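Worksheet for the structure shown next.
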Amino acid sequence: MRFGKRVHKSPHDDVVVDVSEKDGIRSLHLGSEAIQSSMRVRDPYELVLGYSRCMFGFLLFREAPRDMVMIGLGGGSIAKFVHRHMPNTRAVSVELVPQIVSVARSMFFLPPDDERHHVVIGDGAAYIENLVNPVDVIMLDAYGAAGIAEPLSTEDFFGRCRDHLTPEGVLLVNLWGSDSKFNAYVDRLTRAFDGLVLCLPARQRGNVTAICFKRGCNSPTWAALSERATQLEAQYPLEFSEFATDLSRMNVHNDRRLLV
1 MRFGKRVHKS PHDDVVVDVS EKDGIRSLHL GSEAIQSSMR VRDPYELVLG YSRCMFGFLL
61 FREAPRDMVM IGLGGGSIAK FVHRHMPNTR AVSVELVPQI VSVARSMFFL PPDDERHHVV
121 IGDGAAYIEN LVNPVDVIML DAYGAAGIAE PLSTEDFFGR CRDHLTPEGV LLVNLWGSDS
181 KFNAYVDRLT RAFDGLVLCL PARQRGNVTA ICFKRGCNSP TWAALSERAT QLEAQYPLEF
241 SEFATDLSRM NVHNDRRLLV
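The sequence shown begins at 1 in the UniProt record's numbering and counts up by one.
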């Protein structure tokens, strides 16, 4: 492996958790050079990777959630961002590999559990299946060395996610645009969510965020999305105006509206 600088290596069963550091950026790897999570050491709460910022594109259409579940912790970048910038959100991160949780806490500054965020070590599909109360947002960021785990990528699982969302709820799924199964994943999500799916491509890498709505968005105008983006940029350190523009790249629209 050609890491800039390896600062940690620890195996857990068949998973090798690596941490590298280069030019002030610390990154998490799972058995390959592929980056699972990155953090700027001098600013641990910045969302360094473009895909992690795109995961918040749903805020163009919905208010900040009261309750959310994140499947896949990685270095904890998204969890830390929610904890810092969404004080009224209660969040749970579900991570299968205990060693990843340990590394997130020891090397990526994930804060201790509190009343607004806590980590559950366990299977993400089982956690969703056993949810008692619906949540506003489910974020699925569960890529490993071999791609998305099969139990977390079936149409049945996506349907269960939909069933466990509130009426205005949203499922966010991090996908690789170059994945051979990309179209299959999008098709499954489209069927599970009755066609109410948008794809938001990240500019910096090949990631695509699938934004899946339980209820439609009344086909907002581009002008309304632009105005909403400006409001959000005053509240969060994210490029919502770019998100709004990039939604025209992969989704059905006309000159006036995004059709969803």
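Glycine residues also receive a C-beta, built at the ideal position from the N, C-alpha and C atoms. Being a predicted model, the structure only gives us computed values, none of them experimental.
Distance CB(residue i)-CB(residue j) smaller than 8 Å
i	j	result
H108	G72	Going by the sequence as given, residue 108 is Phe instead of His. Not closer than 8 Å, so no.
V178	G206	The sequence shown places Ser at residue 178, not Val. Their beta carbons are under 8 Å apart, which means S178 touches G206 by this criterion.
R116	T154	no
V92	V137	no
L152	L171	no
F81	L110	no
In DSSP terms, what residue i is bridged to
i	result
W176	N207
S52	According to DSSP, which records beta bridges pairwise, S52 is partnered with nothing at all.
C199	A210
H85	Answer by DSSP bridge pairing: none, since H85 is not bridged.
I138	V69 and L171
L165	V135
R257	T221
R40	I25 and D43
Per-residue burial, residue i [other beta carbons within 10 Å of its own, 16 or more giving buried]
i	result
R2	Bear in mind that a pLDDT of 43 at R2, under 50, signals an unreliable position, so the model cannot answer this.
R256	exposed
A125	buried
Q204	exposed
K22	exposed
E227	exposed
Q36	buried
G57	buried
G74	buried
N174	buried
G169	buried
Opening and closing residue of the alpha helix (DSSP H) in which residue i lies
i	result
R215	Careful: R215 lies outside any alpha helix (DSSP H) and carries neither H nor E.
D246	F240 to D246
Q231	W222 to E233
R188	F182 to A192
A125	G124 to E129
Terminal residues of the beta strand (DSSP E) in which residue i lies
i	result
E21	V15 to K22
D91	One detail in the question is off: residue 91 reads as Ala in this sequence, not Asp. It spans R90 to E95 - the beta strand (DSSP E) in which A91 sits, taken as one unbroken run.
V119	H117 to I121
R249	Unbroken run through R249: none, as it is neither H nor E.
E27	Per the sequence shown, residue 27 should be read as Ser rather than Glu. Where S27 is concerned, the enclosing beta strand (DSSP E) stretches over I25 to L30.
S102	Here S102 belongs to no beta strand (DSSP E); instead the alpha helix (DSSP H) covers P98 to M107.
is_contact[residue i, chain B] using C-beta, thresh 8 Å
i	result
K214	Absent from the structure: chain B. Only one protein chain is present.
Practice task
Decide if the region 93-113 is in contact with the region 21-28; the criterion is three or more beta carbon pairs, one per stretch, under 8 Å apart.
Solution key: yes
Exercise for the section: Count the C-beta pairs between the region 179-197 and the region 212-223 that are closer than 8 Å, then say yes if the count reaches three, no if not. Expected result: yes
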